[in-house]
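Colleague:
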Amino acid sequence: MSLLSPKKGAIAQGKKEDAKRFDTPVAKTIRGYDDLLEAKRSTSNTIKIAIGLCVFFGLVMIGVIVSVHVSTVNAVKVVDQNGSVLPSTLGTQENLLTSFVETHCANTVYYLNTFDRLTIKEHQARALFLVNADDANRIFDQFTAQNFYADALTRGVVFTTKYDKLLGLDVTKEPYRVRFQSIMTVADNDQPPVRFLVISEGEISNFSAQYPENQVGLYFKNYSQEFKKLEEDE
Numbered sequence: 001m002s003l004l005s006p007k008k009g010a011i012a013q014g015k016k017e018d019a020k021r022f023d024t025p026v027a028k029t030i031r032g033y034d035d036l037l038e039a040k041r042s043t044s045n046t047i048k049i050a051i052g053l054c055v056f057f058g059l060v061m062i063g064v065i066v067s068v069h070v071s072t073v074n075a076v077k078v079v080d081q082n083g084s085v086l087p088s089t090l091g092t093q094e095n096l097l098t099s100f101v102e103t104h105c106a107n108t109v110y111y112l113n114t115f116d117r118l119t120i121k122e123h124q125a126r127a128l129f130l131v132n133a134d135d136a137n138r139i140f141d142q143f144t145a146q147n148f149y150a151d152a153l154t155r156g157v158v159f160t161t162k163y164d165k166l167l168g169l170d171v172t173k174e175p176y177r178v179r180f181q182s183i184m185t186v187a188d189n190d191q192p193p194v195r196f197l198v199i200s201e202g203e204i205s206n207f208s209a210q211y212p213e214n215q216v217g218l219y220f221k222n223y224s225q226e227f228k229k230l231e232e233d234e
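All residue numbers for the sequence shown refer to the working numbering, where the first residue is 1 and numbers rise by one.
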C-alpha cells in the first residue's frame, strides 16, 4: 500500500518522466554542445587577454627604446676613482654626444664599405637607415663602376672597412659637422691584403632611433668619402 496521496504520486511520476527525457541521447548531445560553446568562449577570452598583455608590454618597450636617445644625455652620471657621483656638466653631455657620433660614423662607414658576395644587398639596405639615399646610391654606383661588387660576386673578394678615429667634430649646433677616417682592407683570396685610407665627412642630424638598424638616433644629411691607397708600412 502506497503512503503517497494520489496527487503526490502523480507529481513524482512526472519528475521521473522528465528525468528520462533529459537523459536521452539527443539531450546529452545538446548539453555537450552547450559545454563546448562555453569552453570556446572561455578560451577566446583567455586568448584576448593574453594578446592584450603582449601588445601593452610591447608598447612599453618601444617607448623605452625611443626615449633612450633623449634621456640618456641628461641622465648620465660621472663617478670619480672613489665611486662618488659627480655633477653632470655641459662638457659631460658633449662627451656623450661625441660618443654617439663616433658610433654612428663607425656603423655608417662599415655598412657602406663592407661587403662580400653574401652581404652586398643586406649592407646596402642597412646603410640607408644611417645616411641619405642620394649619397649612399652614389657610393654604390661608384663601387659598381669600379667592379668592386663584381669582384666580390665572381671572385670572392672581401671588402672590410673599420672606423679609425675622428679628425674633426663640431657639436655646438645641429646639424653636427664631422670628419673622420677609416681603414678599408681588401682580401683577394691568396693575394696580400690591400689597404685604403677612407676619409669621410658630412653633417649629422638627430633622427628617430630604430634598433638595430639605427642604434643612436643620428642620420647623415649629407655624406662624402674619398680613398687613398696605403703602402704596406703605413
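Beta carbons: idealized from backbone N, C-alpha and C, even for Gly. The structure presented is a predicted model; accordingly, all values stated were derived computationally and were not measured.
Going by DSSP, which residues form a beta bridge with K162?
Modeller: In DSSP, K162 forms a bridge with I183.
Colleague: What are the residues that DSSP puts in a beta bridge with S205?
Modeller: Looking at the DSSP assignment, S205 forms a beta bridge with Y219.
Colleague: What does the alpha-carbon distance come out to for the pair R195 and F148?
Modeller: If I take the Cα positions, the gap works out to 14 Å.
Colleague: Does DSSP put D151 in a helix, a strand or coil?
Modeller: In this structure, D151 counts as helix in the three-state DSSP scheme.
Colleague: May I have the straight-line CA-CA distance separating E203 from D190, to the nearest angstrom?
Modeller: Distance between the alpha carbons of E203 and D190: 39 Å.
Colleague: What number of angstroms, rounded off, separates the C-alpha of K221 from the C-alpha of V157?
Modeller: Roughly 31 Å separates the two Cα atoms.
Colleague: Would a C-beta distance cut-off of 8 Å place H104 and V198 closer than the cut-off?
Modeller: For H104 and V198, no; Cβs fall outside 8 Å.
Colleague: Please return the same chain residues whose Cβ sits closer than 8 Å to the Cβ of D116, not counting the five positions on each side in sequence.
Modeller: So the list reads A152, G156, V157, V158 and F159, once near-sequence residues are dropped.
Colleague: Considering only DSSP beta bridges, list what Y176 is partnered with.
Modeller: Y176 pairs with I204.
Colleague: Would you verify that the beta carbon of H104 is, or is not, closer than 8 Å to some beta carbon of chain C?
Modeller: This model lacks chain C altogether, as it is built from one protein chain only.
Colleague: Can you give the Cα-Cα distance for F180 and R126, rounded to whole angstroms?
Modeller: Roughly 20 Å between the two C-alpha positions.
Colleague: Counting pairs of beta carbons, one from the region 90–99 and one from the region 206–215, are three or more of them closer than 8 Å?
Modeller: Flag = no, the region 90–99 and the region 206–215 do not touch.
Colleague: How far does the alpha helix (DSSP H) with T144 in it extend, from its first residue to its last?
Modeller: Its alpha helix (DSSP H) spans residues A133 to A145.
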